[in-house]
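Undergrad:
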Amino acid sequence: MPAAPSPPRPLGFGVGLRPAHYAAILESAPAVDWFEVITENYLVGGGRPLHFLDAIRARYPIVMHGVSLSIGSTAPLDLDYIEGVRNLAARCEPEWVSDHLCWTGTDGINLHDLLPLPYTEEALAHVAPRVAEVQDRLGRRLVLENVSSYISYTASAMTEWEFLAELARRTDCRLLLDVNNVYVSSRNHGFDPRAFIDGIPTERVQQFHLAGHLDLGSHVIDTHDAPVCEAVWDLYAHALRRHGPVSTLLERDDHIPPLEELVAELDRARATATAALGVAA
Amino acid sequence: MSDLEDLQRIAQRHLLEGGPLPGALGTALSPPVEERWGIYCEGYVLRLVASLATTYDGLAARLGREDFDRLARAFIAGHPSRFRSLRDYGAELAAFLRARANDAETRLQADLAAFEWHLASAFDAADVTAAGIGELAALAPEAWPSLRFRAVPGLGRLCTTTNAVAAWRAARAALEADPAAGPVPGPPATDTDPVEWLIIRPALETRFRSLPDDEAEALDRVLSGATFAELGEALAARHGENAALAAATWLKGWLTEGVLLRV
Ligand SMILES: [Fe+2]
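As given, the protein sequences belong to chains U and D, one line each in that order. Everything in the first sequence is counted per our numbering, starting at 16 for the first residue and increasing by one. Everything in the second sequence is counted per our numbering, starting at 19 for the first residue and increasing by one.
#1: With 8 Å as the C-beta to C-beta threshold (strictly closer), list the residues of the region 113-132 of chain D near chain U in chain order.
#2: Please indicate yes or no: does the CB of Ala254(U) lie closer than 7 Å to some heavy atom of ligand 1?
#3: Is there contact between the region 125-142 of chain U and the region 94-101 of chain U, where contact requires at least three CB pairs shorter than 8 Å?
#4: How long is the line joining the alpha carbons of Ala264(D) and Glu160(D), rounded to whole angstroms?
#5: What's the C-alpha gap between Ala252(U) and Pro45(U)?
#6: Output needed for Val59(U): all residues of its chain with C-beta closer than 8 Å, excluding positions within five of it in sequence on either side, in chain order.
#7: When you compare the region 173-184 of chain D with the region 202-210 of chain D, are there three or more beta-carbon pairs, one atom per stretch, that lie closer than 8 Å?
#8: With 16 as the cutoff for other CB atoms within 10 Å, does Gly271(D) come out buried or exposed?
#9: Within 8 Å, do at least three Cβ pairs link the region 183-194 of chain U to the region 150-163 of chain U?
#10: So for Tyr165(U), helix, strand or coil by DSSP?
#11: Find the residues of chain U that neighbour Trp55(D), judging by a C-beta separation of less than 8 Å, and give them in chain order.
#12: Check each residue's C-beta against every heavy atom of ligand 1 and list, in chain order, those closer than 5 Å.
#13: So His115(U) is in the beta strand (DSSP E); what residue range does that whole segment cover?
#14: For a contact meaning CB atoms closer than 8 Å, what does Phe101(D) contact in chain U?
#15: Tell me Thr178(D)'s beta-bridge partners as DSSP assigns them.
#16: For Val51(D), which residues in chain U fall below 8 Å Cβ to Cβ?
#17: In whole angstroms, give me the CA-to-CA distance for Glu148(U) and Leu26(U).
#18: Would you give the residue range spanned by the beta strand (DSSP E) that Ile77(U) belongs to?
#19: Judging by CA-CA distance, which residue of Trp55(D), Ser20(D), Cys59(D) and Tyr74(D) is the nearest neighbour of Leu137(D)?
#20: Indicate whether at least one CB of chain U lies closer than 8 Å to the CB of Phe141(D).
#21: Is the shortest distance between the beta-carbon of Thr45(D) and the beta-carbons of chain C less than 8 Å?
#22: How big is the Cα-Cα spacing for Arg256(D) and Gly250(D)?
#23: If you draw a straight line from the alpha carbon of Pro133(U) to that of Gly44(D), how long is it in whole angstroms?
#24: Could you tell me whether any Cβ in chain U is nearer than 8 Å to the Cβ of Ala198(D)?
#25: Check this for me: beta carbons of Thr119(U) and Gln26(D), under 8 Å apart or not?
#26: Based on Cα-Cα distance, which residue from Pro203(D), Thr267(D), Arg166(D) and Leu115(D) lies nearest to Asp232(D)?
#27: Phe50(U) lies in the beta strand (DSSP E); which residues open and close that run?
#28: Going by alpha carbons, who is nearest to Ala288(U) out of Ile215(U), Arg256(U), Arg267(U) and Tyr75(U)?
#29: From Leu39(D) to Leu66(D), what does the alpha carbon distance come to, in whole angstroms?
#30: Between the Cα of Tyr165(U) and those of Ala143(D), Asp21(D), Gly172(D) and Cys59(D), spot the shortest distance and give me the residue it belongs to.
#31: Check whether chain U comes within 8 Å of Arg27(D), counting only Cβ atoms and requiring the distance to be less than that.
#32: Along the region 55-89 of chain U, what residues have a CB closer than 8 Å to any CB found in chain D?
#33: Spell out whether any CB of chain U is found under 8 Å from the CB atom of Gly37(D).
#34: DSSP state of Leu281(U), grouped into three classes?
#35: Enumerated in chain order, which unbroken segments of the alpha helix (DSSP H) with a length of 4 residues or greater are wholly contained in the region 201-283 of chain U?
Take a look at the structure:
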């Protein structure tokens with residue numbers, strides 16, 4: 016495990032790689048600094064997914080973002096899956112590999128949902144050695160993202176940010192701070208989103224996520240199907256002031272617009288960073 | 019069992035089967051915990067429905083959104099995902115439809131699902147260099163009788179007994195024009211004589227064609243490990259002294275198409 020104390024140079028401003036944009040990316044060389052790929056979509060034998068991944072990787076830095084590690088599950092780690100992630104990383108040389116602090120199923124079933132953990136000492140003691148094992152098997156640090164959530168557990172004895180910070184301290188992992196998820200969860204659970212952002216140690220923050228959601232008034236659902244809202248832009252500016260220039264990624268998983276629209280939204284992220292940091296990020 | 023293990027089992031069981039709400043969930047806020055947990059329950063189903071609608075987009079277009087949604091939910095209720103990637107979910111949909119089929123339309127839907135599953139399997143199967151004519155031409159004649167092959171990854175073989183492939187073509191054409199198309203009437207369902215199909219993806223594009231019955235039988239023999247000599251013997255019964263020629267002709271075709279790997 017390398018002992019570098021601070022995260023690598025920020026990558027700038029990226030968007031999630033989606034098949035609908037493959038051709039546009041290769042034809043128009045858009046002003047996107049990097050792409051994040053959903054790991055599971057490329058854990059395949061070959062064909063178009065790996066063909067386009069290789070072609071885009073030849074032109075842009077990429078980050079692998081997984082959804083099935085289930086690091087918080089009480090089921091045994093899926094070693095085949097981790098081996099697949101390692102092999103894919105060897106092929107496409109990502110800047111880093113991320114997944115979520117959550118569980119996605121147990122007893123061999125994948126619910127394909129990012130379910131939150133109770134924030135307890137028991138859960139910490141369970142998850143930390145699993146993070147360490149995954150990092151050993153991957154031969155690199157893991158980057159873990161805070162999920163958006165709708166429920167909490169009566170057993171929780173600490174805040175989500177205290178849990179994340181302590182997990183990072185115990186395992187030397189890094190964190191992907193999803194600013195939209197912080198906002199969504201803060202609305203759903205009634206906490207101060209800035210306290211979350213401020214509660215994460217800057218040296219652990221490897222990446223930011225930005226995305227849109229569905230605001231139902233009484234609560235908010237994380238849908239990734241809309242532009243980033245004003246409140247999340249404000250929180251993003253706060254996160255930048257708190258943690259400095261951090262690699263930023265715009266996520267869109269549904270109602271995917273033409274690439275130009277995402278590039279335009281990315282320009283707003285750039286402008287927000289320039290304004291918040293007082294320099295070109 | 020640890021508290022965490024217990025909690026995850028109970029929550030998962032509720033997501034899959036319903037029943038009393040897991041007691042470990044709490045909130046003092048509005049909306050109440052039932053509604054909050056319901057977001058996960060509905061999200062679970064919606065995600066699997068969306069994945070099936072992607073894999074089976076021709077079937078989804080033929081049925082239209084409402085009917086496909088109803089079908090998908092019935093399937094999902096009995097088929098939790100055991101896959102890390104949603105692209106692997108739903109292989110049993112054709113069998114599920116087949117078990118309920120009772121007229122030409124439902125038989126067509128089962129054929130269509132089987133056909134689309136093969137297309138999806140070919141789509142991102144491993145890239146290989148298939149055995150080609152040139153490589154075999156270089157072999158000494160003595161080597162031919164013991165030649166053995168296996169299928170290239172993602173190769174699909176299926177038999178339809180309806181006009182499902184015509185329905186698939188109509189659905190695809192409608193989806194090209196409007197990705198949200200559906201229900202697409204397409205051709206009325208009819209039962210047909212059995213038609214054998216071969217699906218492969220030699221480069222990036224998936225291809226398929228129908229196979230004459232005798233070619234299908236010969237190909238299946240080769241794919242299940244028969245040597246070239248054994249193929250000739252099997253064909254002798256029907257093709258007599260033309261058996262060797264027929265075998266060589268088909269083999270040449272398969273090698274040109276990129277259907278086989280040398281064992
Ligand atoms: Fe995210």
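Quick reminder that beta carbons are idealized off the backbone N, C-alpha and C, glycines included. In this text the structure is predicted, and so the values were computed from the model without any measurement.
TA: In short:
#1: none
#2: no
#3: no
#4: 19 Å
#5: 24 Å
#6: Leu65
#7: yes
#8: exposed
#9: yes
#10: coil
#11: Tyr165 and Ile166
#12: Asp193(U) and His224(U)
#13: Val112 to His115
#14: Asn125
#15: Val213(D)
#16: Ile166
#17: 27 Å
#18: Ile77 to His80
#19: Tyr74(D)
#20: yes
#21: Annotation note: the requested chain C is absent from the structure, which comprises protein chains U and D.
#22: 10 Å
#23: 11 Å
#24: no
#25: no
#26: Thr267(D)
#27: Trp49 to Ile53
#28: Arg256(U)
#29: 22 Å
#30: Cys59(D)
#31: yes
#32: Glu55, Asn56, Leu58, Val59, Gly60, Gly61, Gly62, Arg63, Pro64, Leu65, His66, Ser83, Ser88 and Thr89
#33: no
#34: helix
#35: 208-214 and 245-258
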